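Structure record follows, encoded as structure tokens.
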Amino acid sequence: MVQEFPKEIVQDEEIEKLFTIIQESIVGTRRALATLDISASNVDEIQIKLNDTTINLNSAKKYISKLTKIENINFVDTKPQNCATDVGDELEVYVPLEGVDLSPIIKRLESQKAKLEKEVNKLENMLKNEKFVANAPKDVLEKNQELLKSAKEKLHKVESELSSLS
């Protein structure tokens, strides 16, 4: 029996965004723990600050908890004191720093800062190039402007995190 391929695939943008945020919180937590060189069993809780405050992730806590192996997941509006931060596109993950060596964190943030500065410079130069601006399609220009804005925001977050740890 042969059937036609479905012509229209319905995508739920909200579910896709929710999944992306869940995935990013898990990856950010694991990355922060790896940078600190500590296991999840040594961490009592993590705190997550969402960029989009309209999203409610309370229903996703159990998935984040299970996949990060950390029992207490809290959502916060402001950065807590004395914690490591992993900055993502949609959120920031905070891991308490009690009894932790800060040098790997500072090294990672400096590396992130250098990478973001390079990206910002590349995008700024691209958008300053009159020939590129004249010949590029409008959607490409808009995309590059969005990427530049996002990179500048991330760079600002990383710089403020570095200054708080120094």
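According to the working numbering, the sequence shown holds residues -15 to 150 in order. Every residue gets a Cβ at the ideal spot worked out from N, C-alpha and C, and that includes glycine. Remember, predicted model here, so these are calculated numbers, not experimental data.
- Boundaries cannot be given for Ile54, as no beta strand (DSSP E) includes it and DSSP labels it neither H nor E.
- Here the stretch -13 to 3 makes no contact with the stretch 12 to 31; the two share fewer than three CB pairs at distances below 8 Å.
- Secondary structure note for Gln7: its alpha helix (DSSP H) is the uninterrupted segment -3 to 20.
- Ranked by Cα distance from Ile10, the options Phe(-11), Ser134, Glu55 are led by Glu55.
- Distance from Leu81 to Asn105 at the Cβ level is roughly 31 Å; contact not present, criterion being Cβ atoms closer than 8 Å.
- Annotated three-state conformation of Ala120 is coil, per DSSP.
- Inter-residue distance for Ser87 and Thr38 is about 35 Å (C-alpha atoms, whole angstroms).
- Leu111 is the residue among Leu149, Ile57, Leu111, Lys63 whose C-alpha sits nearest the C-alpha of Lys127.
- Residue range 29 to 34 is occupied by the beta strand (DSSP E) that includes Gln31, with no alpha helix (DSSP H) assigned at that position.
- A contact is defined here as three or more CB-CB pairs under 8 Å, and the stretch 83 to 98 fails this definition with respect to the stretch 45 to 64.
- In the displayed model, Val(-6) falls within coil according to three-state DSSP, outside both helix and strand.
- A check of alpha carbon separations from Lys136 across Ile5, Lys99, Lys91 identifies Lys99 as the nearest.
- Of the residues assessed, Ile(-1) falls on the exposed side of the cut-off, its CB having fewer than 16 other CB atoms within 10 angstroms.
- If you draw a straight line from the Cα of Leu131 to the Cα of Val(-14), it comes to about 44 Å.
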